[in-house]
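Engineer: My numbering puts the first residue of the sequence shown at 7, with every later residue one more than the last.
We put the beta carbon where it would ideally sit given N, CA and C, even for glycine.
These numbers come from a predicted model, not from an experiment.
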Amino acid sequence: MKIPDFFLLNLRKNFLLLIFLFLIFTISTLILLFYIEKNNVEIISKILVSELEEGDKSLFKFLEEKSGNNLFVTPVREKRLFSVVSSFEYAGKVIYVFKDISFEILTFLILSFLFFIIYFLMFFNLRGTVYKDSLNITNKLAKIEGSLNYFQNYLEYSPIEEDMEFEEFESIKRSINYLQEVVIENEEEILKSMEDIEKSKKEVEELNKFLISIYEILAKINPKDSVENIAQFILEKIISLFKNVNAGSIILKQNKKYKYFAQFGYDEKLKEFEFSNEDNVLALKYEGYVKGDILRELNKKEGFSEKFKEIGSDKIKSLYVIPIYVENERMGAICLDSFVSGDLNLPKYVDIFGKIFGNFLILKVLENDFNKMFFEVLEFFAVSVDERVGKKHSKVVAKLSKKIAKEFGVDPEKTWKAAILHDIGKIMISDRVLKKTGRLTKDELDKIKEHVSYGYELLNRFRFFKDIANIVLYHHERCDGNGYLGLKYEEIPIESRIISVVDAFYTMKIKGFKVEDIFVLLEKDVENGKFDGKIVKKLKEIVKERNL
């Protein structure tokens, strides 16, 4: 169905009204999302109560199993900005069910905003061209109408008389011929304009398909995934859109160096390449269409020929480089390569990929760097806590805990981070209590016990530390259920059980205990229900193997 030009013109004039309607739609959708998720959480709460009453699992084991992803079931009341919450009572305790919908809200807002802005910018730009062509046709038709009016006036005010001379007939003939020429000339121009309009219409349709593909890729990205996995997903999706593109890569700047975060069609060794000078990399020197010969010449000049030949880039006949800029600084590129075409001409609007996906990836890289920096800050505080109480072995405990976790098939990196930060909550405990050498009073002991909750609340505030918050919360539990929060054996995360055993081992070792005597005491604690026997046994094997 053809949209009338006057409607398109009014649509452009009422752009602010469109924005207002879009905002109303967005706000209504968000309210509806909150309402639906609130009902879902209340239903989940009722289901959890039924499962608890019918099951025979302990409360804390049940809570641990049901928590995951964006759903949190916990006895600790937390403040969350974008979440819905419900609660229920069981065994005299209030249990809170949180569902974090910040990811859904953020994704909806970002995708809607991007799609709205990109679509309307391109749509009105192209429709403006169509409108101009239509106006041109109108002017030409007006010209024809003027000629017809002129001829009609001529006939009206110059009637043919019987004694009209031959020259007058010739004058009329010339006027008619002129009118025919004007009609034919303008007919050709009208047909050409109609062809231009049809061409513009096809371009609009192609852009619509292109925008839909961008939206689909954005919708399927999981921001919680690693930057490498996200880059690989984006690259493969982009390559699938173009017939003559057989391979490609994404190179990004990180820590003042350039490295490949994704590749398709090449050897994985490409990801091992790093460059400190952007002049050495074709993807950082050129933009748009590039001949394969230029790539080979640059590699030969910089001494990279053998390396790139090894990974398969010598097959490239042509490529298209989509630059990635952040505040006018070249931060990387998306390279689309062809092994079959020496003239890889892609639509100019593919550069939008660099603006959308490129900036997203750079932000993800910066987020990873920020996470690392923030962890180092927390690590500094954790070490300062060790120094306050005379313990300086957090890193050693973390290293050995990581080794044991790997033996049990548990995520070693997560265990290592949790071991480094397991006593971070003690920064909230005063030196008077923390450094007291004598016997602690009941109030002081209760205050010390709160450090696990302080640590949990601190780490749980940050999305990138949520996975270790529970490990820190439960690292003082006992297998017999007589720990701080009363969890028993399998209810306690295995990472927490590992850290508690290794921490006890090094605490005694620093105090001068012999290794043999330490394991006698640890095995006694196993019998008394404090530690996990399997973990103590594995620790003993590793200590003996490494002669610690």
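Can you name the residues that DSSP bridges to I368?
Structural biologist: DSSP, once it has assigned bridges, lists no residue as partnering I368.
Engineer: Tell me whether the beta-carbon of I505 lies closer than 7 Å to the beta-carbon of E483.
Structural biologist: No, Cβ-Cβ distance for I505 and E483 is not below 7 Å.
Engineer: Whose C-alpha, out of V103, K99, G348 and Y264, is nearest the C-alpha of K297?
Structural biologist: Minimum Cα distance to K297 is reached at G348.
Engineer: Round the Cβ separation of F248 and L367 to the nearest angstrom and send it over; I've been treating them as touching at under 8 Å.
Structural biologist: Actually they do not touch by this definition, with Cβ atoms about 20 Å apart.
Engineer: If I follow the unbroken alpha helix (DSSP H) through S506, where does it start and stop?
Structural biologist: Element bounds for S506: I500 to I516.
Engineer: Kindly give me the distance between the Cβ atoms of G492 and V478, rounded to whole angstroms, as I take these residues to be in contact under 8 Å.
Structural biologist: The pair is not a contact, with the Cβ atoms about 17 Å apart (cut-off 8 Å).
Engineer: E333 by DSSP, collapsed to three states: which one?
Structural biologist: E333: coil per DSSP, three-state reduction.
Engineer: May I have the straight-line CA-CA distance separating I107 from Y355, to the nearest angstrom?
Structural biologist: Roughly 33 Å between the two C-alpha positions.
Engineer: How about G360 and I257: do their beta carbons lie closer than 7 Å?
Structural biologist: No. Outside cutoff.
Engineer: Considering F525, what are the terminal residues of the beta strand (DSSP E) in which it resides?
Structural biologist: Premise fails: F525 lies in the alpha helix (DSSP H), V521 to E533, not in any beta strand (DSSP E).
Engineer: Going by CA-CA distance only, name the one from G444, R445, S89 and H428 that's closest to F457.
Structural biologist: Checking the displayed sequence, the identity of residue 457 turns out to be His instead of Phe. The option with the nearest alpha carbon to H457 is H428.
Engineer: Would you list the residues sitting across from Y96 in a DSSP beta bridge?
Structural biologist: K99.
Engineer: Nearest-angstrom Cα distance between I330 and I244?
Structural biologist: Answer to the nearest angstrom: the Cα atoms are 15 Å apart.
Engineer: Just grab the DSSP bridge partners of V416 for me.
Structural biologist: Answer is none; V416 lacks a bridge partner.
Engineer: May I have the straight-line CA-CA distance separating V91 from N466, to the nearest angstrom?
Structural biologist: Roughly 16 Å separates the two Cα atoms.
Engineer: Pull up the CB-CB distance for I240 and F363, whole angstroms please, since I reckon it's below 8 Å.
Structural biologist: Indeed, because the Cβ distance is near 5 Å, the residues count as touching under 8 Å.
Engineer: Is it the case that the Cβ atoms of S344 and S324 are separated by a distance below 7 Å?
Structural biologist: Yes, Cβ-Cβ distance for S344 and S324 is below 7 Å.
Engineer: Return the CA-CA distance between R438 and F31, expressed in angstroms with no decimal places.
Structural biologist: Looking at the two C-alpha atoms, the distance is approximately 57 Å.
Engineer: Label F78 either buried or exposed according to how many other C-beta atoms from any shown protein chain fall within 10 Å of its C-beta, with 16 as the threshold for buried.
Structural biologist: F78 comes out buried.
Engineer: Less than 7 Å separating the beta-carbons of K52 and P81?
Structural biologist: Not a contact, by the Cβ cut-off of 7 Å.
Engineer: How big is the Cα-Cα spacing for F172 and E201?
Structural biologist: Caution is warranted here: a pLDDT of 49 is assigned to F172, below 50, making its placement in the model unreliable, and no coordinate value can be reported.
Engineer: With the cut-off set at 7 Å, would you say I322 and L301 are in Cβ contact?
Structural biologist: Yes, Cβ-Cβ distance for I322 and L301 is below 7 Å.
Engineer: So, with DSSP's three-state summary, where would you put I166?
Structural biologist: Residue placement at I166 is flagged as unreliable, the pLDDT there being 47, under the threshold of 50; the coordinate-derived value follows with that caveat. Three-state result, I166: coil.
Engineer: Can you tell which of E496, Y495 and K265 has the C-alpha that lies nearest to the C-alpha of L276?
Structural biologist: Among E496, Y495 and K265, the Cα nearest to that of L276 belongs to K265.
Engineer: Tell me the DSSP secondary structure of I107 in three-state form.
Structural biologist: Three-state DSSP puts I107 in coil, outside helix and strand.
Engineer: Taking the straight line between their C-alpha atoms, what separation do you get for K408 and F470?
Structural biologist: One C-alpha to the other measures close to 19 Å.
Engineer: Where do the N-terminal and C-terminal ends of the beta strand (DSSP E) with Y266 fall, by residue?
Structural biologist: That run of the beta strand (DSSP E) goes K263 to F270.
Engineer: Can you give the Cα-Cα distance for N46 and V287, rounded to whole angstroms?
Structural biologist: Taking the straight line from one Cα to the other gives about 52 Å.
Engineer: Do you know offhand how far F114's Cα is from F88's?
Structural biologist: Each residue's Cα considered, the two are about 13 Å apart.
Engineer: Taking N488 as the reference, give the member of G535, E501, I454 and L117 with the closest Cα.
Structural biologist: That would be G535, whose Cα lies nearest to the Cα of N488.
Engineer: For a minimum of 3 consecutive residues, which ranges assigned as the beta strand (DSSP E) are wholly contained in the stretch 452-478?
Structural biologist: Whole beta strand (DSSP E) segments, 3+ residues: zero.
Engineer: One question on the structure: do I340 and K420 come within less than 7 Å of each other, judged by their Cβ atoms?
Structural biologist: No, the Cβ-Cβ distance between I340 and K420 is not below 7 Å.
Engineer: Quick check: what's the CA-CA separation for V507 versus D523?
Structural biologist: Looking at the two C-alpha atoms, the distance is approximately 15 Å.
Engineer: List the whole-angstrom C-beta distance separating E580 from V327, where the pair is believed to meet the contact cut-off of C-beta under 8 Å.
Structural biologist: Given a span of 7 to 554 for the chain in the structure shown, any question on residue 580 remains unanswerable.
Engineer: Using the C-alpha atoms, what's the distance from K405 back to V346?
Structural biologist: Using only the alpha carbons, I get a separation of about 50 Å.
Engineer: I need the straight-line Cα distance from Y272 to E242, nearest angstrom please.
Structural biologist: Approximately 13 Å between the Cα atoms of the pair.
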